[in-house]
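Chemist: The opening position of the sequence shown corresponds to residue 377 in our numbering, with each subsequent residue numbered one higher. Every residue, glycine too, gets a C-beta built ideally from N, C-alpha and C. The structure presented is a predicted model; accordingly, all values stated were derived computationally and were not measured.
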Amino acid sequence: MLIIVYTQLKTLLLLTDGEYLLKVLWFLFILGFCTWLYGRFVRVENSKLTQWLFTLISIGLIIFAAVTYLPIKETKQEEIQVKSGELIPAPNAPEGWYVFSEDILNKALKEGRAVFLDIGAAWCKNCMTNEKTVLFTETMMQEFKKKNVLLLRGDFTKKDETLLAWIKKHGRAGVPFNALYIPGAEPHIFGELLSKDEVINALNKIPAQAE
Numbered sequence: 377m378l379i380i381v382y383t384q385l386k387t388l389l390l391l392t393d394g395e396y397l398l399k400v401l402w403f404l405f406i407l408g409f410c411t412w413l414y415g416r417f418v419r420v421e422n423s424k425l426t427q428w429l430f431t432l433i434s435i436g437l438i439i440f441a442a443v444t445y446l447p448i449k450e451t452k453q454e455e456i457q458v459k460s461g462e463l464i465p466a467p468n469a470p471e472g473w474y475v476f477s478e479d480i481l482n483k484a485l486k487e488g489r490a491v492f493l494d495i496g497a498a499w500c501k502n503c504m505t506n507e508k509t510v511l512f513t514e515t516m517m518q519e520f521k522k523k524n525v526l527l528l529r530g531d532f533t534k535k536d537e538t539l540l541a542w543i544k545k546h547g548r549a550g551v552p553f554n555a556l557y558i559p560g561a562e563p564h565i566f567g568e569l570l571s572k573d574e575v576i577n578a579l580n581k582i583p584a585q586a587e
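1. State buried or exposed for glycine 496, treating a residue as buried only when at least 16 other CB atoms are found within 10 Å of its CB.
2. Is it the case that the region 419-439 contacts the region 502-520, given that we only count it when at least three CB pairs across the two stretches are under 8 Å?
3. Give me the Cα-Cα distance between glutamine 453 and aspartate 536, rounded to the nearest whole angstrom.
4. Going by DSSP in three states, alanine 400 sits in which element: helix, strand or coil?
5. Is aspartate 494 helix, strand or coil when you go by DSSP?
6. Per DSSP, what kind of secondary structure is asparagine 468 in: helix, strand or coil?
7. Compute the Euclidean distance between the alpha carbons of arginine 419 and isoleucine 433, then round it to the nearest angstrom.
8. Mind checking whether threonine 538 and alanine 498 have CB atoms under 7 Å apart?
9. If glutamate 562 and proline 552 are in contact, beta carbons under 8 Å, what's the gap, nearest whole angstrom?
10. Less than 6 Å between the CB of glutamine 427 and some heavy atom of the ligand FMN, yes or no?
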């Protein structure tokens, strides 16, 4: 049971910022305490004064907790803004991976360079497996380098609508999404679980002029 709770909290932490999640947990704790307080003292066997007193205390604590720990969370633009043609190192990825943008991908293809795109999420087990056992390994990084492949990564942890539209554009519903774009050819869309051999075989289809 504790493992399930821990897993769910970890996932929730990834989907929200940690400070806000902590405030929500404090509010729930106080709400639970007030529920216990109300049930313990607001009973028919207690005097009317006692019942009214603890009712007001419970309501007051809940209002205080709501005002203190549940402020309106403003929606912030948390996406990394990528200027046209600007390469920004992708967070939580080895050196050589850059933040995905359609402009950068199209620019590379126009210049005759192949592009590998990885869209994943911190809560996606298959995404983590693909990156740890295939994409981020030293062997695969060397293969990408030999073929002069531009590596782009999209973070879908918070379900970015732009990334979702891109995924659906390619006939897929969600992550992991991995694709190899070769100038002048249709994108090679990979399955959910990658293997080194599969990716290397796809890389070998890159013509010499694109390397």
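Modeler: Let me spell this out:
1. buried
2. no
3. With a pLDDT of 38 at glutamine 453, under the threshold of 50, the modelled position of that residue is not reliable, and no figure is offered here.
4. According to the sequence displayed, residue 400 carries valine and not alanine. Of the three classes helix, strand and coil, the one that applies to valine 400 here is helix, per DSSP.
5. strand
6. coil
7. The straight-line gap from Cα to Cα measures roughly 15 Å.
8. No, the Cβ-Cβ distance between threonine 538 and alanine 498 is not below 7 Å.
9. So it is not a contact: roughly 20 Å between Cβ atoms.
10. Ligands in the displayed structure: none, and consequently the ligand FMN is not present.
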